[in-house]
Amino acid sequence: MKFATLSFFALAVIGLSASAEAAETTSMPSSEKGSLDAFTMMPLIRSVSVSDDGKKLAILRATSKEGDYIIEIRNPHNLSEKPIVLGADKMMVSGVVWLNNNKLGVMFRQILKDGASKFWTNKFAIISADGKGSWLIPFKDEPRAGFSLIDRLPDNDNEILVETDLNRNYIPDVVRFNINTGRSVTVMRGSTKISGGFISDHDGDIRAAQGWNFADNAIDLFAREKNSEEWKLIKQISPKSRESYSFAGFSVENPDEIYVNANLGNDKTGIYLYNIKTGTYSERLFGLENVDVDDVIFDRNGKTLGFSYTNKHPERYFVDDKEQALYDALAPLFKDKFVSIISRSNDDNVLVVKTTSAKDSGSFYVITDKKSLEKIGERLPFLQEDVLSSVKYISYTARDGRKINAYVTLPKGKAPFPAVVLPHGGPWVRDTILFDEWAQLLASNGYVVIQPNYRGSTGYGIEHWTAGDMNWGLKMQDDLDDAALFLVEKGLATKNKLAMFGWSYGGYAAFAASMRDNNIYQCTVAGAGVSDLSRINATLNDSRYLSRLQRPTIKGVSPLEQVEKVNIPILVIHGDIDSRVPVEHSRAFVKKLEEYKKDYKYVELKDADHFSDTLFYNHKTILYTELLNWLDNKCGLK
Numbered sequence: 000m001k002f003a004t005l006s007f008f009a010l011a012v013i014g015l016s017a018s019a020e021a022a023e024t025t026s027m028p029s030s031e032k033g034s035l036d037a038f039t040m041m042p043l044i045r046s047v048s049v050s051d052d053g054k055k056l057a058i059l060r061a062t063s064k065e066g067d068y069i070i071e072i073r074n075p076h077n078l079s080e081k082p083i084v085l086g087a088d089k090m091m092v093s094g095v096v097w098l099n100n101n102k103l104g105v106m107f108r109q110i111l112k113d114g115a116s117k118f119w120t121n122k123f124a125i126i127s128a129d130g131k132g133s134w135l136i137p138f139k140d141e142p143r144a145g146f147s148l149i150d151r152l153p154d155n156d157n158e159i160l161v162e163t164d165l166n167r168n169y170i171p172d173v174v175r176f177n178i179n180t181g182r183s184v185t186v187m188r189g190s191t192k193i194s195g196g197f198i199s200d201h202d203g204d205i206r207a208a209q210g211w212n213f214a215d216n217a218i219d220l221f222a223r224e225k226n227s228e229e230w231k232l233i234k235q236i237s238p239k240s241r242e243s244y245s246f247a248g249f250s251v252e253n254p255d256e257i258y259v260n261a262n263l264g265n266d267k268t269g270i271y272l273y274n275i276k277t278g279t280y281s282e283r284l285f286g287l288e289n290v291d292v293d294d295v296i297f298d299r300n301g302k303t304l305g306f307s308y309t310n311k312h313p314e315r316y317f318v319d320d321k322e323q324a325l326y327d328a329l330a331p332l333f334k335d336k337f338v339s340i341i342s343r344s345n346d347d348n349v350l351v352v353k354t355t356s357a358k359d360s361g362s363f364y365v366i367t368d369k370k371s372l373e374k375i376g377e378r379l380p381f382l383q384e385d386v387l388s389s390v391k392y393i394s395y396t397a398r399d400g401r402k403i404n405a406y407v408t409l410p411k412g413k414a415p416f417p418a419v420v421l422p423h424g425g426p427w428v429r430d431t432i433l434f435d436e437w438a439q440l441l442a443s444n445g446y447v448v449i450q451p452n453y454r455g456s457t458g459y460g461i462e463h464w465t466a467g468d469m470n471w472g473l474k475m476q477d478d479l480d481d482a483a484l485f486l487v488e489k490g491l492a493t494k495n496k497l498a499m500f501g502w503s504y505g506g507y508a509a510f511a512a513s514m515r516d517n518n519i520y521q522c523t524v525a526g527a528g529v530s531d532l533s534r535i536n537a538t539l540n541d542s543r544y545l546s547r548l549q550r551p552t553i554k555g556v557s558p559l560e561q562v563e564k565v566n567i568p569i570l571v572i573h574g575d576i577d578s579r580v581p582v583e584h585s586r587a588f589v590k591k592l593e594e595y596k597k598d599y600k601y602v603e604l605k606d607a608d609h610f611s612d613t614l615f616y617n618h619k620t621i622l623y624t625e626l627l628n629w630l631d632n633k634c635g636l637k
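Each residue of the sequence shown is one higher than the last, beginning at 0 in numbering that gives the first Met the number 0.
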């Protein structure tokens, strides 16, 4: 595409077509705008993607409030045309990827039973887009082998590159898998030295990998020159050092150079090129003073388009003029929205665009022939702008002088409001608010919500990240209390109408908040929370490195040991098959609450795991009903 074409494109796009609207409503579950159902129903559309040749759209669409997802194969040039429908009776479909122009890879989840225990597991299947033939499940006879897609191999229509453990030695191998026959060829055997993190170059050759170094208790990162069998140790990352370092992808201009996202002596990460032959780094290609860099943006051929980072919301810095011009042309069509091209045909004549904002849970569009724009549908169609709230990105000063960035969701009406502090999980992540279902639910019910990126959050550099070390329930907790007091100081909240609700680490924070001296809260809600700091180390993380890295930092208040200090009502909620924070954390805490005759309520969600995508319609209906009833009535915040 040329710049002149893109400039014209911005003027030539038409509005929403009637055919797209009809396509959107064919299987839409019914609900009332702004009702609790509007929040609890599963997303109507989970994903949309286009085949490389631009002839087919794959839309993952719900058929009921519970989800019951189907895959629609539609003509992007005529959305009203009858689709091919692919169903999956015994699967919960969670994602779709085009493997070639005619084959789809389908990600799905199932609950498996192992003796008395149950757990959610992720699976992968392959199906023809025309709906003909049977589902092909890779390595069906090896259910515990695992399956991770490394490379679609776009120059090979018949095969994909995957990571799996076929010989059951708990060390993954790289396999070339035939998507038509199910046959496989081992490309590379994993070893005790190199055991995962495989990265292919633009020719499909595995050129980077990593392994756990038992002697040094560290991660070793390896790469090799083009056409070489010799692996070179590029970097060793030790849990003793908190430096970030990761491979971002190979350069297409020089196949012996690889992009890395690393600190290299700076507080914030930046992007560099590392030359595998010479062992040298380029100058810092991209970096910012206030936040870390997220990633490098490549096109389908490996050309570098730009870099991504996150301030208030995700942002992009393009070095490719054509890509910049394309986004410049899209921006006026979706004012005040974050716009992403989430899928595109090889010739860019079919683009799938997703928009998001505080008042847009996610809307999907297709642009064809650089001139026609049609709406496909929305994630949550009954959550329309007039029932949703604006979000402000603010900063406040914690009691020891630290600057904390936070998001504030303001309800409609006149301040002051009752307030909820909503800390993110992790804690080694950061909140990035485009649309937040929990904050919007609370705001629609009259609560002002603050979501702080407290110390210990990532994305703001090493110093802010490490400031949370060994401060669980201490300075990290002070940051959350100071968020609530900030709202009071600014006249947004009422001092005697404050609460905390959190999930995972946020659930831990709600446990800790229930027992603070001179408590500022009227109540807390602890979801899937850590109550026992000694127990969490046993199930901390799937990654050996992250477990070793994080374990020494988890010190501070262990709520289970101080239940007698609980001085406000607490609602405890947990999924009964939580794989990340086992339900025993909440059960043990509740048992002690009962012993000490504290004011509490306990709700257990049947067949719910830890993560949001295993909280379904029935789970969310219970969770949201209990949450709002607790805040409104038990806590007396209304």
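Think of the CB as a built atom: it goes at the ideal place given N, C-alpha and C, for glycine as much as any other residue.
- For residue 149, the enclosing beta strand (DSSP E) covers residues 147-150.
- For the pair residue 390 and residue 367, the CB atoms are not nearer than the 9 Å cut-off.
- Judged by DSSP secondary structure, residue 39 falls within the alpha helix (DSSP H) whose first and last residues are 35-39.
- The region 299-359 is shown to contain whole beta strand (DSSP E) runs of 3 or more residues at 303-309, 313-317, 337-343 and 349-356, in chain order.
- Sequence-distant Cβ neighbours of residue 241 in its own chain, meaning closer than 7 Å and more than five residues away, are 461, 464 and 465.
- Taking residue 190 as the centre and dropping the five residues before and after it, the same chain places the C-beta of 170 and 210 closer than 8 Å to its C-beta, in chain order.
- Here DSSP, grouped into helix, strand and coil, assigns residue 558 to helix.
- In this structure, DSSP gives residue 461 a helical state, which the three-state scheme calls helix.
- By the neighbour-count criterion, in which a residue is buried when 16 or more other Cβ atoms sit within 10 angstroms of its Cβ, residue 392 is exposed.
- Nearest neighbour of residue 74 by Cα position, chosen from 342, 578, 572 and 349, turns out to be 349.
- Following the DSSP letters along the chain, one finds residue 514 in no alpha helix (DSSP H), marked with neither H nor E.
- Taking a cut-off of 8 Å on C-beta distances, the region 503-513 touches the region 465-485, as three or more cross pairs fall below it.
- Bounds of the alpha helix (DSSP H) holding residue 482 are 474-488.
- Here the alpha carbon of residue 492 sits roughly 8 Å from the alpha carbon of residue 483.
- By the Cβ criterion, the region 485-504 is in contact with the region 520-538, since at least three pairs of Cβ atoms, one from each stretch, lie closer than 8 Å.
- A straight line joining the alpha-carbon of residue 363 with that of residue 59 spans about 12 Å.
- Contact check for residue 558 against residue 529 passes: the beta carbons are separated by less than 9 Å.
- For residue 567, the number of other beta carbons within 10 angstroms of its own is at least 16, and it is reported as buried.
- Take residue 456, set aside five residues on each side of it, and the residues of its chain with a beta-carbon closer than 6 Å to its own are 429, in chain order.
- Counted as a single uninterrupted DSSP element, the alpha helix (DSSP H) harbouring residue 535 occupies residues 532-535.
- Residue 632 sits in a helix when the DSSP states are folded into three classes.
- Scanning its chain for C-beta atoms nearer than 6 Å, with the 5 sequence neighbours on each side dropped, one finds around residue 82 the residues 71, 72 and 73, in chain order.
- About 12 Å separates the beta carbons of residue 415 and residue 636, which is beyond the 8 Å limit, so they are not a contact pair.
- The straight-line gap separating the alpha-carbon atoms of residue 129 and residue 101 is approximately 7 Å.
- Within the region 245-304, complete beta strand (DSSP E) segments of at least 3 residues are found at 256-261, 269-274 and 292-297, given in chain order.
- In the DSSP secondary-structure assignment, residue 109 is bridged to 120.
- In the structure shown, residue 609 falls within a coil segment according to DSSP collapsed to helix, strand and coil.
- In the DSSP annotation of this structure, the continuous segment of the beta strand (DSSP E) that includes residue 371 starts and ends at 371-377.
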